[in-house]
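Participant: The sequence shown lines up with residues 881 to 1250 when you count with my numbering.
Below you will find the structure I want to go over with you.
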Amino acid sequence: MATTETGACPFATVRDSSEERIEASKAVVSDIVDEILAEYDRLRESCPVAYTSHYGGCWLLTRYEDIKAAALDSDTFISSVRAVLPSDPRGLRRPPLNFDAPAHTPYRTALDRTLKPARINRLAVALERHAEALLLPLLRKGQGDVCTEFAAQFAAWVETEWLNLTPDTAPRLAATASAWVDAWRRMDGERTTQFSTQLYDIARAVLTDRRKNPRDPEEDPASSLLLERTKDGEPLEEIHLVGCIRQSLVVGMVAPPLMIGGICNHLSKDQELQQQLREDPGLIPAAIEEFVRLFSPYRGFSRTVSKETVIRGHTIKPGVPITLTYSAANRDPAIFDEPNRFILNRPNIAMQMGFGRGRHRCVGQPLAKL
């Protein structure tokens, strides 16, 4: 258990080491998941606002209503101090995730412009080809690692098509992003910088090219960003433009392997559901919503408060991170009946928070659902 301050409730710390996950058997992983879910249940019931000394000290929310209220109140719960835990060991801040409005707005507007339904439909054609090509080797040999051999590679192609990168970028992006995530999880600042620099090189090259060869801003994120202006009418700063593209490269690489792995693991155990979706593909969108609720790839994002704030009797002070645990919210029995069970076409599935809420909801949500 984590050490705690007097009067605050403890919560269990989940180990994130890649080596530990690789070495763990399926039975052990299942036990760990059950332990985490049980801890969420305990906290929601007896200590919905918990404190731990881990990560330098932070608060944790586990009830749906508290998490939703905080996510929607971006004036009080700000992202510019701490937006994730553990944070980048170098302390860097990139838009739009680490910016608050109004500084956040032009970056978000630019990215949203390139993810309208018409563009998503066009991307679907190319992405289906990539999916089939990546799955074929696994199907031929009858086995494989769906996370590393398919999902991580496919995510790189999604980024490559969305950002209009050259085809040779996809395999390089997959390898570099994976190494960067592993270094970050280990809090290895040197290797985090090494692989992050490679991602920055990709981002700078894209921005340099778009300055020379601008594209349709509704089809190209970098070109869209170059059109945006600050609230004072000034062009966006170069360092933040590069940072935004660099962040876009990474966030789309982390979640898909986790999400697709969770989906495939579930379907391997639920043959009836698998067959149902094969026979009626029209059910897949509803199934995806329930999978996102159950297997939220980002357990939560963090905020700090802009002013001293009281939540359920606990005083939260500015500067101290408070984590909005979306994975706990999505399993809150006060909101979702039988929260740990897959239920196709839940009547209130639109309330799931796997993509967050408010100004900082997942910008890539349309791509993720596709």
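C-beta atoms are modelled at their ideal positions from N, C-alpha and C, and glycine is treated no differently.
1. Which residues does DSSP pair with A930 in a beta bridge?
2. When you compare only the Cα positions, how much space is there between L1174 and N1210?
3. Can you list, in chain order, the residues of its chain with a C-beta nearer than 6 Å to that of S898? Leave out the 5 residues immediately preceding and following it.
4. Determine the DSSP secondary structure at R1173, reduced to helix, strand or coil.
5. So, helix, strand or coil for Q1245, using DSSP?
6. Would you please state the rounded distance, in angstroms, between the beta carbons of G1199 and T1184? I believe it to be under 8 Å.
7. Taking the alpha-carbon positions, what's the E1004 to A998 distance?
8. From the DSSP output, which residues share a beta bridge with H1194?
9. Tell me the residue span of the beta strand (DSSP E) that contains R1183.
10. Just reading off the alpha helix (DSSP H) that T1046 is part of, what are its end residues?
11. From the DSSP output, in three-state form, read off I958 for me.
12. What are the boundary residues of the beta strand (DSSP E) that T1203 is part of?
13. Could you check if E1041 is buried or exposed, using at least 16 other CB atoms within 10 Å of its CB as the buried criterion?
14. Who are P1115's beta bridge partners in DSSP?
15. If the criterion is Cβ atoms closer than 8 Å, does the pair F957 and A963 meet it?
16. Excluding sequence positions up to five away, which residues of its chain have a Cβ less than 8 Å from the Cβ of R1047?
17. At which residues does the alpha helix (DSSP H) containing A998 begin and terminate?
Facilitator: If we stick to the structure as given:
1. Looking up residue 930 in the sequence shown gives position 50. DSSP output for A930 lists L940 as bridge partner(s).
2. Counting from 1 along the sequence shown, the entry for residue 1174 is found at position 294. Counting from 1 along the sequence shown, the entry for residue 1210 is found at position 330. Taking the straight line from one Cα to the other gives about 7 Å.
3. What you label residue 898 is simply residue 18 of the sequence shown in a count that begins at 1. At S898, the pLDDT of 49 sits below 50, so the modelled position is not reliable; the number obtained from the coordinates is stated separately. Result list for S898: D1062, in chain order.
4. The residue given as residue 1173 occupies position 293 in the sequence shown. Three-state DSSP puts R1173 in a helix.
5. In the sequence shown, the residue the question calls residue 1245 occupies position 365. Three-state result, Q1245: helix.
6. The residue given as residue 1199 occupies position 319 in the sequence shown. The residue given as residue 1184 occupies position 304 in the sequence shown. Right, their Cβ atoms sit about 6 Å apart.
7. Mapped onto the sequence shown, residue 1004 falls at position 124. Mapped onto the sequence shown, residue 998 falls at position 118. Checking the sequence, you will find Ala at residue 1004 rather than Glu. Taking the straight line joining both Cα atoms gives about 10 Å.
8. Position 314 of the sequence shown, counted from the first residue, corresponds to residue 1194. DSSP output for H1194 lists I1191 as bridge partner(s).
9. For this step, residue 1183 is matched to residue 303 along the sequence shown. Counting along the chain, the beta strand (DSSP E) containing R1183 begins and ends at 1181 to 1185.
10. Working through the sequence shown from its first residue, we reach residue 1046 at position 166. Premise fails: T1046 is in no alpha helix (DSSP H) and is neither H nor E.
11. For the purposes of this step, residue 958 is taken as the residue at position 78 of the sequence shown. Note: I958 maps to strand in three-state DSSP.
12. One-based indexing of the sequence shown puts residue 1203 at position 323. Counting along the chain, the beta strand (DSSP E) containing T1203 begins and ends at 1202 to 1204.
13. Position 161 of the sequence shown, counted from the start, is the residue given in the question as residue 1041. By the 10 Å Cβ count, E1041 comes out buried.
14. As a position in the sequence shown, residue 1115 is number 235, starting the count at 1. DSSP output for P1115 lists R1109 as bridge partner(s).
15. Position 77 of the sequence shown, counting from 1, holds the residue named residue 957. Position 83 of the sequence shown, counting from 1, holds the residue named residue 963. Cβ distance not < 8 Å, so F957 and A963 don't count as in contact.
16. As a working note, residue 1047 is residue 167 in the sequence shown. According to the sequence as given, residue 1047 is Pro; it is not Arg. Correct list, in chain order: T1040.
17. Here the question's residue 998 lines up with position 118 in the sequence shown. That run of the alpha helix (DSSP H) goes 997 to 1021.
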